[in-house]
Every structure is written in structure tokens, then in C-alpha cells.
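>
In the working numbering, the protein residues as written are 2 to 374.
#1: Less than 7 Å between C-beta atoms, sequence neighbours within five positions excluded: which residues of the same chain meet that for residue 5?
#2: Measuring CB atoms only, is the segment 98 to 110 touching the segment 75 to 84, in the sense that at least three cross pairs come out at less than 8 Å?
#3: What does a CB cutoff of less than 6 Å around residue 362 pick up in its chain, not counting 5 residues either side in sequence?
#4: Could you give the residue range of the beta strand (DSSP E) that holds residue 145?
#5: Kindly indicate the opening and closing residues of the beta strand (DSSP E) around residue 248.
#6: Using a 10 Å radius around the Cβ and a threshold of 16 neighbouring Cβ atoms, would you call residue 14 buried or exposed?
#7: Does residue 327 pass the burial test, meaning 16 or more other C-beta atoms within 10 Å, or should it be called exposed?
#8: Assuming residue 12 is part of the beta strand (DSSP E), what are its boundary residues?
#9: Alpha helix (DSSP H) containing residue 228: first to last residue?
#10: Kindly confirm or deny that the segment 264 to 280 and the segment 113 to 129 touch, where touching means at least three C-beta pairs closer than 8 Å.
#11: Thinking just about the alpha-carbon of each residue, which of 146, 241, 301 and 224 is nearest to the one in residue 172?
#12: What are the boundary residues of the beta strand (DSSP E) that residue 163 is part of?
#13: Out of 339, 70 and 20, point me to the one whose CA is closest to residue 54's CA.
#14: When we look at the beta-carbon of residue 23 and count the other beta-carbons within 10 Å, is it buried (16 or more) or exposed?
#15: May I have the straight-line CA-CA distance separating residue 346 from residue 26, to the nearest angstrom?
#16: Could you give the C-beta distance for residue 262 and residue 153, rounded to a whole number, given that I count them as a contact under 8 Å?
#17: Which of the three DSSP states is assigned to residue 36 in this structure?
#18: Just how far apart, CA to CA, sit residue 17 and residue 249?
#19: Look at the alpha carbon of residue 344 and the alpha carbon of residue 182, and state the distance between them as a whole number of angstroms.
#20: Whose C-beta lies closer than 6 Å to the C-beta of residue 122 among residues of the same chain, with five residues either side of it excluded?
#21: Which residues in the same chain have their Cβ closer than 6 Å to the Cβ of residue 243, if we skip the five residues on either side of it in sequence?
#22: I'd like to know whether the C-beta atoms of residue 315 and residue 292 end up nearer to each other than 8 Å.
#23: Quick check on residue 329: does DSSP put it in helix, strand or coil?
#24: Would you grab the beta carbon distance between residue 9 and residue 108 for me? Rounded to a whole angstrom, and I think it's under 8 Å.
#25: Report the rounded CA-to-CA distance for residue 39 versus residue 221, giving the unit in angstroms.
#26: Could you spell out where the beta strand (DSSP E) holding residue 156 opens and where it closes?
#27: For residue 290, count neighbouring C-beta atoms within 10 Å of its own C-beta (all shown protein chains included) and say buried if the count is 16 or more, exposed if not.
#28: Report the residue from 71, 100 and 74 whose alpha carbon sits nearest the alpha carbon of residue 84.
#29: Check residue 70 in the structure and name its three-state DSSP category.
#30: Can you name the start and end residues of the beta strand (DSSP E) that residue 315 belongs to?
#31: Could you have a look at residue 179 and say whether DSSP puts it in helix, strand or coil?
#32: For residue 237, does the count of other Cβ atoms within 10 angstroms reach 16, so buried, or fall short, so exposed?
#33: Can you name the start and end residues of the beta strand (DSSP E) that residue 239 belongs to?
#34: Provide the residue(s) that pair with residue 98 in DSSP beta bridges, ordered along the chain.
#35: Leaving out five residues on either side along the sequence, give the residues of the same chain with a beta carbon under 6 Å from the beta carbon of residue 312.
#36: Would you identify the three-state DSSP class for residue 121, choosing helix, strand or coil?
This is the structure in C-alpha cells:
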């Protein structure tokens, strides 16, 4: 086997979309001859997640047991996790450190360049969902993220829209680099179109705004099914009056639900990218999405847009698509064609270019703690 040109230490967690992002990135980087050491923080991977990781060439998985920033009890726990990741980077001889949790750079000393990928954050989430001053528990987390972003050599976000938000909140000297996420297509079974609506994601997350979809489903003539956990690792839970909850689905089960090309719905108030939307679009589902900047950036002219809290608007948009086979097919085709832009190969190629652009700096240490201070 040809030796890898580069080894990258990538941090991840098993709770949300960052896990799937990390696996798809590793698949793409493997094809470019880049090895990935995947360091898991927070809850340990499930057997299914371990199996998925084991099938990727050039990927080494390390379950660190370290604190995940948004679940950590205090700032010292996050800073200790960052120092442990810096030590791990030395142990595995990583040439680049890719932090999917930028706060880890706030108090750590890295001997190689650091790429911080800002997938989301509590400050922007709180702003989008509540629009009030941050609570104390969020304020110290936000301060760590600010230090980490300023300490990193490069900051990346999954959309240009979220890059603008990140620059504004954290006073970055320049916008982050936008690299759209990619997703490996699900293997869909043969299935004819069926009349129902569907959504997926962290159902317990208030940013997903399932309350609006639940209200819209009350007067729909077709069922609305939802895939995903009802309770989060932070104890947050949700119950629905009208949505039929399917629980957490594995990839094969999710593929069976997407194969009939239902109307896919997201009323998210906050979504820096939206991997569930991409999965549905790749399957050929017509999209009904909240009218927020990230969705406009990704799906303009390939989806129906509704104001995020307009339950009647969502109900009417879903009902129109279910009743009009031609419109439904047309929008499903538009979504699947747009989804071809967002592939793991494209994502990995852009990230590899960012990594390689930093390689000359390997000879000088990146003093993240000093820069943050």
C-alpha cells in the first residue's frame, strides 16, 4: 500500500451530525491517501457506529472518554480535554489537528497546525431560538469557543451564511472558510411513491422547531413521521400530539422510509447545514424548508420555503405537494440534482487543500494557549 501523505487527528462526538460528517470526511480523505485518527469525545460509540467506522480504510478510532464541550460541567473540564487532545496528536504523530470542537483549542498547546470547524455553537443556537442574552451556563462556553477560534490557524464552517454569523458573534478578523458538508448516499430499496410527510434529526432540540411541524400535522390529511431521538444527552425531552415518532433509525431503516420519496419537512430555526435534508434530497424527496439563510444558500430554487414559525404555511405546502404528483416529482428531481453538489469527495478535496496549505507551518509550533490569552 502506498504510504499516507498525511495523518490528521480529527475530533468528533457520537451525539449528532458531527459523527456522520467525520465518517464521510474520513472516507473522502482515505481516497486521497490521507490517514485519519478519529478521537471521540463524550458518549462512547454504539456497536453500529463502531461497525461503520471499522469499514473505512485508513481510519483509526480512539474513544477518549474526554468531556464534550456542550455537556461539560465547567471550563476546566473542556480545557483539560483540549490538552489531552494535544498530547494525543503528539502520540499519533499527526501532521494536522482538525477540531470539530473549536473550544478545545482555547487552552491547549499544539505542535502542529490547527483547523477548527465550527459546525454549530450554543451562542448562535441561543440567538436563533430565544433571542435573549445568554444564560451564565452558555456564556462561559461561548468564551471558550471564542478563544479556540482565535487560536486556530484556519476556521471552517459548513455554509457561508454560518460563516457570517460566526464572524459576527466571535469578532473574527475575517470570515471563516465555507466548505459545504458532503454525505454518502443511502442505499435505497425499490419503492413506489407514497403519500406521507417525513422529518428527521435531533427531535428534542428546540432549534429543530418540531412544535411548528407538530401543529401543522394536526390538520394534514396524511401522516407525518419523524425519525430521531426524543431525549437528548443533556436531559431535554419532547413529546408530540400529532407527529408519529419512529425513534432512532439506523441507515437501512432510514433508507426504507426515504425510498417512497415522502415530502421532507424541516422547520428549523437554527441549522448551520442540515445533513438530514441532504439525505432526503439525495433520495429524491421534495423539500419543504424553513426560510433561513443556510437553507436558502443550499437549496434555493430546489425547495419550497416557509417562514419558520408559520404552521399554516407548512401545512399548506405539504398538502399541495401531496395532492400534485407533477409538482412533487419536479421538486424531488430538483432536490436530487442539487444534492449532487454536496458529496464527501468534494468536501474532502476542499479540506485536504486547507490541510496542505498549512503544511509548511509544521516546522513552527502553534501556541494555541498563548494566542488565546
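All C-beta atoms in this analysis are idealised placements derived from N, C-alpha and C, irrespective of residue type, glycine included.
Just so you know, these numbers come straight off a predicted model, no measurement behind them.
In short:
#1: Here residue 5 scores only 44 on pLDDT, less than 50, and its place in the model should not be relied on; the value that follows carries that caveat. Contacts found: 34, 35, 36 and 59.
#2: yes
#3: The predicted model places residue 362 with a pLDDT of 47, which falls under 50 and marks its position as unreliable, so this point remains unresolved.
#4: Taken as a continuous stretch (DSSP letters only), residue 145 belongs to no beta strand (DSSP E), being part of the alpha helix (DSSP H) at 137 to 152.
#5: 245 to 248
#6: buried
#7: exposed
#8: 7 to 14
#9: Element bounds for residue 228: not the alpha helix (DSSP H) but the beta strand (DSSP E), 225 to 228.
#10: yes
#11: 146
#12: Unbroken run through residue 163 is the alpha helix (DSSP H), 161 to 171; no beta strand (DSSP E).
#13: 20
#14: buried
#15: 8 Å
#16: Contact flag wrong, Cβ pair sits at about 41 Å.
#17: strand
#18: 12 Å
#19: 7 Å
#20: 146
#21: 215, 218 and 219
#22: no
#23: helix
#24: Not a contact, Cβ separation roughly 22 Å.
#25: 43 Å
#26: 155 to 158
#27: buried
#28: 100
#29: coil
#30: Where residue 315 is concerned, there is no enclosing beta strand (DSSP E), although the alpha helix (DSSP H) it sits in stretches over 312 to 324.
#31: strand
#32: exposed
#33: Note, residue 239: premise wrong, no beta strand (DSSP E); not H, not E.
#34: 10 and 115
#35: 213, 216 and 217
#36: coil
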